[in-house]
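Chemist:
Residue numbers (the UniProt record's numbering): 1 to 273.
1) Check whether the Cβ atoms of residue 96 and residue 122 lie closer than 9 Å to each other.
2) Just how far apart, CA to CA, sit residue 182 and residue 19?
3) In angstroms with no decimal places, state the Cα-to-Cα distance between residue 14 and residue 168.
4) List, from N- to C-terminal side, the alpha helix (DSSP H) runs of 4 residues or more that fit wholly inside the segment 129-197.
5) In terms of DSSP beta bridges, what is residue 202 paired with?
6) DSSP puts residue 50 in a beta bridge; with which residues?
7) Please report how far the alpha carbon of residue 116 lies from the alpha carbon of residue 124, in whole angstroms.
8) Rounded to a whole number of angstroms, what is the C-alpha to C-alpha distance between residue 200 and residue 16?
9) If you draw a straight line from the C-alpha of residue 212 to the C-alpha of residue 237, how long is it?
10) Can you tell me which of the three DSSP states residue 31 falls into?
11) With DSSP run on the structure shown, which of helix, strand or coil describes residue 267?
12) If I follow the unbroken alpha helix (DSSP H) through residue 14, where does it start and stop?
13) Since residue 226 and residue 248 are thought to touch, with beta carbons under 8 Å apart, how far apart are those beta carbons, to the nearest angstrom?
14) In angstroms with no decimal places, state the Cα-to-Cα distance between residue 173 and residue 132.
15) So, at 7 Å on beta carbons, what are the nonlocal neighbours of residue 33 in its own chain, with the 5 sequence-adjacent residues on each side left out?
16) Go ahead and pull the three-state DSSP assignment for residue 118.
17) Entirely within the segment 205-256 and at least 3 residues each: give me those beta strand (DSSP E) ranges in chain order.
18) Can you tell me whether residue 140 is buried or exposed, with buried defined as 16 or more other CB within 10 angstroms of its CB?
19) Residue 102: beta carbon under 8 Å from a heavy atom of the ligand MG?
20) Output needed for residue 80: all residues of its chain with C-beta closer than 7 Å, excluding positions within five of it in sequence on either side, in chain order.
21) Roughly how many angstroms separate the alpha carbons of residue 269 and residue 89, rounded to a whole number?
22) Quick one: give me the first and last residue of the beta strand (DSSP E) that residue 98 is part of.
23) Hey, how far is the Cα of residue 99 from the Cα of residue 7?
24) Please state whether DSSP places residue 21 in a helix, a strand or coil.
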C-alpha cells in the first residue's frame, strides 16, 4: 500500500469512528509503529486530524467557527438537559442571576421560570424569550442591547455598558470550549468582551459545559478555569478533564442524565446529590 493510500485509510477510519489508536492502526495496516506515527504527523500538519497521545481524533472546529443557535441546539440534548436540571438547583428565590448566550444556558432558563422573585440579566435573545413566554409578576428580566451574533447573543459596547454597573449573585456562563491552556473560550471577539463583563459582575461563576467542550478552543479567552466557582458537566467528560477541572476550578459537578446529578468528590468518588 502506498503512503497516500495508507494515510487516506487512516483518515477514513478516524472520521468514521471519531478516533483511532496507533496500536490498532499498526495491526490493521500491517506497518510499523513509527510509520503510523509519521502518517499521523503528516495528517495533523495538514489539519486533517488531531494528533493525541497514543493515536488521533477528528480535527476540531476552527477557533473562529461559530455555529448558529439552531445548529447547536440539537447537539448533546440529553446532556444539556441533565446539566440544566442540576444548575437550576443552585438558584434560590429572591436572587439575581445572569445567563449569557448559548443553548445550555437557554436550557437552564426553562428550569428557572417557576422560581419566584428572580431578577434575570441576560444578553441572549433566546433566553429572554423563554422568560417572556412564561411571565411572572414577581420577576424582572433585563435584556442588554448590542449587536447580534450567530448564536443570538447581544454583544459590543452597548451590551458592555449595560452590564458594567450591575451585580448578580450567580452567572451561568455558556462557553464554546474549555481547556487547560486557554481556559473558557468563545469564537467571537466581541462576545468574549461582553462575557468578561458578565464575569466581573457575578459573585459566583457557574460554567455549564457538556463533555464535547473539553479541549475545544475558541479564538478568545473569557476566563481561566480557576475563575469558575463551579463547573457542571456530564458523565461523558474524560477522566483527564475531570482531574484538571477538579484541581483548577472551585468545584466540579457531574450531572447524570439518568439519575439527575452526581458530584465528584476530592477522593475521586461519585456521590448522589
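We treat Cβ as the ideally placed atom computed from N, Cα and C, and that holds for glycine.
Modeler: Once the coordinates are examined:
1) It is not a contact, given that the beta carbons lie outside the stated cut-off.
2) 23 Å
3) C-alpha separation (whole angstroms): 45 Å.
4) Listed in chain order, the complete alpha helix (DSSP H) runs (minimum 4 residues) inside the segment 129-197 are 157-164.
5) 168
6) 57
7) 21 Å
8) 42 Å
9) 8 Å
10) Residue 31: coil per DSSP, three-state reduction.
11) In this predicted model, residue 267 has a pLDDT of only 34, less than 50, meaning its place in the structure is not dependable; the value taken from the coordinates is given anyway. In the structure shown, residue 267 sits in coil (DSSP, three-state: anything other than H, G, I, E or B).
12) 3-17
13) At roughly 5 Å, the Cβ-Cβ gap stays under 8 Å, so residue 226 and residue 248 are in contact.
14) 20 Å
15) 22 and 26
16) coil
17) 220-223, 230-234 and 252-255
18) exposed
19) With respect to the ligand MG, the structure shown offers nothing to examine, as it has no ligands at all.
20) 103, 104, 107 and 210
21) Any reading at residue 269 must be qualified, since the residue scores a pLDDT of 37, below 50, and its modelled position is unreliable; the value itself is stated next. If I take the Cα positions, the gap works out to 21 Å.
22) 96-99
23) 45 Å
24) strand
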